[in-house]
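Colleague:
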Amino acid sequence: GAISDRASAERLAERVRNETGLRADLAFDTASATYKVLAGEFVDEPATQPARSDLVARGWPKEIFAVRRPSSQPFQKQLRLVDDEGFEHAFAADSLLVVPLTAEGIGIAGKSYRGGARVFLNSRGTLNLINELNLEHYVRGVVPNEMGPNIFDQIEALKAQAIAARTYVVSRRGEYAGEGYDICATPACQVYGGLSTEHPVSNRAVTETAGLVIAWNGKPIDALYTSTCGGETSDVGVMFPGRGEPYLRRARCVELDLAELAGRVDGQVTDETGMRAVVMRAASLRGDELQGAWGAAQIAKAVSAAGALAGISPRPPVLPKSSRRRDVLEYLGDAWGLGDAADKLLLDEDLRYLMPGTEESGAARIAALAVKFEAASFVGLGARDLDAAMTRDELFSLLYGWLRQLGVFSELNGNLVRGDGRQVVVRSKETEVSSIYAPGTPVFRRLNDRFREETTVVAQPGDRATLIRRGDVVVGVIVQENFDGAAFDHRSSFSSWVRTFREDELVASISKRNPIKSLRGIRVLGRDASKRATAVEIEAEPGRVFTLEGLPIRWSLGIPDNLFVFEKTKGGDGVVRYTFFGKGWGHGVGFCQNGSQGMAVRGAKAAEILKRYYTDVEIVPLSSLKTR
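Here the sequence shown stands for residues -4 to 623, numbered as in the numbering used here.
Dropping the structure here:
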């Protein structure tokens, strides 16, 4: 409606934003000298330019949108079809369905979709192009776009997403009936990509859950879901003020269930070279075979012991000249025939590129060969370094790297399912590998690129784990500790995040919904049980203070989630900056996609996952419910 007072119009626009989540802007009608609150479908058309120019002059952002209203001029509901031979056909109807005669899909805007394409004449006198298909085919086009199977590789998590996506569209069917369709294909509803985006694994998840929906009190729920909940979801009313569905309650996305793996000793913190060396020595030597001074005899014994694992007998019976890198590399080249390999597989240019700063020599070529085949990393190796001693760890790491290329060692990467003493179970994709390793096997805790061997490694099911194996025998175990703690969704890149903005950048972001000229301060007024901000006060130019609630907080501040703290700082350049530290991505309500992946890694089934995030619900066939 028309409002003569701008402040009143702004309050109404703010209410529309908070209660509907739609963008709401003001337009000034110069003829009536009143403001109008515009909300709904956002388009850009020349007729809106006068109002837009007026608003921009008054401080509104330049990219302001205007709403196109239903046409006030009567028009005939008639469609004209031009076929591929140029013939025209007219239909007295407001829609036309086009279906493929034989093909599995139909092409729309360069992509393939199942079902047909409906052209719908809307109330504005323009056309909507709609993909019309059955429910199960629709869900096939949603799941891989919401949870890509190449990242979300747990079938039970994908099955949970399939059930949630199916429930979401069923509960909202007909929401856009006035536009000729049921649901939009963007993140505003749920992302749908059609046949072109389907994936065999996600299709399997849809097939195995066909017809299943989530129900509360005999009806399908509004199955809201979020990408990453930061360890805990929120009540629906926090992000969507005014709502209070009993099944959309706060849920914990964490369950600390620890496993303990038995190792050998508590060692020093080391890098990958040191870790490989420990595994190589434990696998190839027994007892005190390399005690004493490190020299040529010790090096020959180490090379011989490593070669024995691969059935390689040293070719020359002599010892290396010394423990210098140059002599050790040349000895290894002769003993294992690596010199011949380097001559045949390396270009002269490779040597200059991989070993800059070293002279042409057999040792340099063998070092370059090791780098080329990822057996070792000789970063920054120069001429002087070739004349320095090669340490035990360096040699054993190089031997490990080469034996791995020969297939003597293999590394199975996956997620820890269970761990108890020397029994460890790791899941790689959908295959579980259970192993019992021998006493004396090194077990490491890994944090970033650092490793530490420990007598007891405490881990959480779901942590990344690597089994180093010689054949079927486990000769080393690595468990990767996660920086982001114990939450089910800790593998998400949004489990923790940092965003820094200059003050003028925040002014521009906030102005997209609430036009301001300056930013004096931000204050969090309230938080819910999950610690999400429920209300934030914005202090703008003098005398201007307003409050953001729910989703508009993250939208206005341009941050991933309402779960944040912040610091206001001023640098040497005099520029004020706001740095936000937070967790989560999305509205934080309902099903947590990354959390479901973490639960599935631990062995949870789809129904168990969904019942964690939706309170007091049932998983039932759609056919058993009454849908609206």
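Beta carbons are placed, not taken as given, at the ideal position from N, Cα and C, and that holds for glycine.
My guess is that T204 and P139 are in contact by the Cβ rule of under 8 Å, so how many angstroms apart are they, rounded?
Modeller: What you label residue 204 is simply residue 209 of the sequence shown in a count that begins at 1. What you label residue 139 is simply residue 144 of the sequence shown in a count that begins at 1. Actually they are not in contact, since the Cβ atoms of T204 and P139 sit about 14 Å apart, beyond 8 Å.
Colleague: Is the beta carbon of T162 sitting closer than 8 Å to the one on A104?
Modeller: Residue 162 sits at position 167 when you count from the first residue of the sequence shown. Residue 104 sits at position 109 when you count from the first residue of the sequence shown. Taking 8 Å as the Cβ cut-off, T162 and A104 do not qualify as a contacting pair.
Colleague: If the criterion is Cβ atoms closer than 8 Å, does the pair G545 and T228 meet it?
Modeller: Translated into the one-based positions of the sequence shown, residue 545 becomes position 550. Translated into the one-based positions of the sequence shown, residue 228 becomes position 233. Result no, Cβ atoms of G545 and T228 do not sit closer than 8 Å.
Colleague: Whose C-alpha, out of A301, P456, N410, V165, is nearest the C-alpha of L401?
Modeller: Position 406 of the sequence shown holds residue 401. Answer by Cα proximity: A301.
Colleague: Per DSSP, Q475 is paired with what?
Modeller: Position 480 of the sequence shown, counted from the start, is the residue given in the question as residue 475. Answer by DSSP bridge pairing, in chain order: R441, R459.
Colleague: Using only the alpha-carbon positions, how far apart do E500 and V196 sit?
Modeller: As a working note, residue 500 is residue 505 in the sequence shown. As a working note, residue 196 is residue 201 in the sequence shown. Each residue's alpha carbon lies about 42 Å from the other.
Colleague: Could you give the residue range of the alpha helix (DSSP H) that holds K563?
Modeller: Working through the sequence shown from its first residue, we reach residue 563 at position 568. Premise fails: K563 lies in the beta strand (DSSP E), 559 to 565, not in any alpha helix (DSSP H).
Colleague: Would you give the residue range spanned by the alpha helix (DSSP H) that G590 belongs to?
Modeller: Locating residue 590 in the sequence shown gives position 595, where the first residue counts as 1. Run containing G590: 588 to 596, per the alpha helix (DSSP H) assignment.
Colleague: Is Q400 helix, strand or coil when you go by DSSP?
Modeller: Position 405 of the sequence shown, counted from the first residue, corresponds to residue 400. Correct three-state label for Q400: helix.
Colleague: May I ask you to report which of helix, strand or coil DSSP gives L130?
Modeller: Numbered from its first residue, the sequence shown carries residue 130 at position 135. L130: helix per DSSP, three-state reduction.
Colleague: Using CA atoms only, rank isn't needed, just tell me which of H194, Y171, L190, A503 is closest to E184.
Modeller: What you label residue 184 is simply residue 189 of the sequence shown in a count that begins at 1. The residue you asked about is not Glu; residue 184 is Cys in the sequence shown. Per the Cα distances, Y171.
Colleague: To the nearest angstrom, report how far apart E425 and T495 are at their CA atoms.
Modeller: Locating residue 425 in the sequence shown gives position 430, counting from the first residue. Locating residue 495 in the sequence shown gives position 500, counting from the first residue. If I take the Cα positions, the gap works out to 39 Å.
Colleague: CB P456 to CB D252, shorter than 8 Å?
Modeller: Indexing the sequence shown from 1 puts residue 456 at position 461. Indexing the sequence shown from 1 puts residue 252 at position 257. Against a cut-off of 8 Å, the Cβ pair of D252 and P456 comes out as a contact.
Colleague: Less than 8 Å separating the beta-carbons of A88 and L74?
Modeller: Position 93 of the sequence shown, counted from the first residue, corresponds to residue 88. Position 79 of the sequence shown, counted from the first residue, corresponds to residue 74. In contact: A88 and L74 (Cβ atoms closer than 8 Å).
Colleague: Is A200 buried or exposed, if buried means 16 or more other CB atoms sit within 10 Å of its CB?
Modeller: Numbered from its first residue, the sequence shown carries residue 200 at position 205. A200 comes out buried.
Colleague: Compare the C-alpha of K296 against each of G306, R399, L280 and name the closest.
Modeller: Counted from its first residue, the sequence shown places residue 296 at position 301. That would be L280, whose Cα lies nearest to the Cα of K296.
Colleague: Which of the three DSSP states is assigned to Q73 in this structure?
Modeller: The residue given as residue 73 occupies position 78 in the sequence shown. If DSSP states are grouped into helix, strand and coil, Q73 belongs with coil.
Colleague: Use the C-beta contact count for N408: other C-beta atoms within 10 angstroms, 16 or more gives buried, fewer gives exposed.
Modeller: For the purposes of this step, residue 408 is taken as residue 413 along the sequence shown, with counting starting at 1. So N408 ends up on the exposed side.
Colleague: Taking all protein chains shown into account, decide if I604 is buried (16 or more other Cβ within 10 angstroms of its Cβ) or exposed.
Modeller: By 1-based counting over the sequence shown, the position of residue 604 is 609. Buried: at least 16 other Cβ atoms inside 10 Å.
Colleague: Let me check one thing: in DSSP terms, what residues is D415 bridge-paired to?
Modeller: Along the sequence shown, read from residue 1 onward, the residue named residue 415 stands at position 420. E255, Q418.
Colleague: Is A362 buried or exposed, if buried means 16 or more other CB atoms sit within 10 Å of its CB?
Modeller: Along the sequence shown, read from residue 1 onward, the residue named residue 362 stands at position 367. The residue in question, A362, is buried, as its Cβ has 16 or more Cβ neighbours within 10 Å.
Colleague: Can you give me the start and stop residues for the alpha helix (DSSP H) that T202 sits inside?
Modeller: For the purposes of this step, residue 202 is taken as the residue at position 207 of the sequence shown. Residues 195 to 203.
Colleague: Taking the alpha-carbon positions, what's the G466 to V420 distance?
Modeller: As a first step, residue 466 is located in the sequence shown; it is residue number 471 there, counting from the start. As a first step, residue 420 is located in the sequence shown; it is residue number 425 there, counting from the start. When rounded, the distance between both Cα atoms is 17 Å.
Colleague: If we count the other Cβ atoms within 10 Å of its Cβ and call it buried at 16 or more, is K72 buried or exposed?
Modeller: Within the sequence shown, residue 72 is the residue found at index 77, counting from 1. So K72 counts as exposed.
Colleague: Can M640 and R320 be called in contact, C-beta distance under 8 Å?
Modeller: Here the chain covers residues -4 to 623 and nothing more, so residue 640 does not appear.
Colleague: Along the alpha helix (DSSP H) that carries A337, what are the first and last residues, could you check?
Modeller: Along the sequence shown, one-based indexing puts residue 337 at 342. That run of the alpha helix (DSSP H) goes 333 to 340.
Colleague: Closest to F404 by C-alpha separation, out of T202, G232, A277, G102, would be which residue?
Modeller: By 1-based counting over the sequence shown, the position of residue 404 is 409. Comparing Cα positions, the closest option is A277.
Colleague: Who are P215's beta bridge partners in DSSP?
Modeller: For the purposes of this step, residue 215 is taken as residue 220 along the sequence shown, with counting starting at 1. A210.
Colleague: Please classify K578: is it buried, with 16 or more other beta-carbons within 10 angstroms of its beta-carbon, or exposed?
Modeller: Numbered from 1 along the sequence shown, position 583 holds the residue referred to as residue 578. Flag for K578 reads buried.
Colleague: Between F541 and I533, which are expected to be in contact by the criterion C-beta below 8 Å, what is the C-beta distance as a whole number of angstroms?
Modeller: On the sequence shown, position 546 is the one that residue 541 refers to. On the sequence shown, position 538 is the one that residue 533 refers to. Between I533 and F541 the Cβ distance is about 6 Å, and since that is below 8 Å, they are a contact.
Colleague: The beta strand (DSSP E) that contains L116, what's its start and end?
Modeller: Indexing the sequence shown from 1 puts residue 116 at position 121. Unbroken beta strand (DSSP E) run through L116: 111 to 116.
Colleague: With 8 Å as the threshold, decide whether the Cβ of D266 is near any Cβ in chain C.
Modeller: The chain inventory of the structure shown lacks chain C, comprising one protein chain alone.
Colleague: Any chance the CB of L514 is under 7 Å from a heavy atom of the ligand ADP?
Modeller: No copy of the ligand ADP occurs in the structure displayed, which carries no ligand at all.
Colleague: Where does V124 sit, in a helix, a strand or coil, going by DSSP?
Modeller: Working through the sequence shown from its first residue, we reach residue 124 at position 129. It should be pointed out that residue 124 corresponds to Leu in this sequence rather than to Val. L124: strand per DSSP, three-state reduction.
Colleague: Hey, would you say V470 sits closer than 8 Å to S430, going by beta carbons?
Modeller: In the sequence shown, residue 470 corresponds to position 475, counting from 1. In the sequence shown, residue 430 corresponds to position 435, counting from 1. Not closer than 8 Å, so no.
Colleague: How is the alpha helix (DSSP H) around P547 delimited, first residue to last?
Modeller: For this step, residue 547 is matched to residue 552 along the sequence shown. It spans 546 to 552 - the alpha helix (DSSP H) in which P547 sits, taken as one unbroken run.
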